[in-house]
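Numbering (the numbering used here), first residue to last: 1398 to 1449.
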């Protein structure tokens, strides 16, 4: 079971970090960075608020 939330949106990731969430890791390939956070209801709520 994968308990991570991943995205490629720099500004969303900055918003999540500024909201107090910890980025667990990131990867970069061919100029595209993928940001990795531990998935939780809180992460999903912040993502919904960001795009809402």
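C-beta atoms are modelled at their ideal positions from N, C-alpha and C, and glycine is treated no differently.
query: Per DSSP, which one or two residues make a beta bridge with residue 1434?
result: Looking up residue 1434 in the chain shown gives position 37. In the DSSP output, where bridge partners are listed per residue, residue 1434 has 1402 and 1420.
Check your understanding: Whose CA, out of 1430, 1416, 1422 and 1412, lies closest to the CA of residue 1401?
Key -> As a position in the chain shown, residue 1401 is number 4, starting the count at 1. Of the listed residues, the one whose Cα sits closest to residue 1401 is 1422.
Review point. Roughly how many angstroms lie between the CA atoms of residue 1407 and residue 1429, to the nearest whole one?
Key: One-based indexing of the chain shown puts residue 1407 at position 10. One-based indexing of the chain shown puts residue 1429 at position 32. Each residue's Cα considered, the two are about 10 Å apart.
query: Can the beta-carbon of residue 1424 be found less than 8 Å from the beta-carbon of residue 1431?
result: Locating residue 1424 in the chain shown gives position 27, counting from the first residue. Locating residue 1431 in the chain shown gives position 34, counting from the first residue. Yes, the pair counts as a contact, with Cβ atoms nearer than the cut-off.
Assuming residue 1447 and residue 1409 are in contact, meaning their beta carbons sit under 8 Å apart, how far apart are those beta carbons, in whole angstroms? Locating residue 1447 in the chain shown gives position 50, where the first residue counts as 1. Locating residue 1409 in the chain shown gives position 12, where the first residue counts as 1. Contact holds; Cβ gap of about 6 Å.
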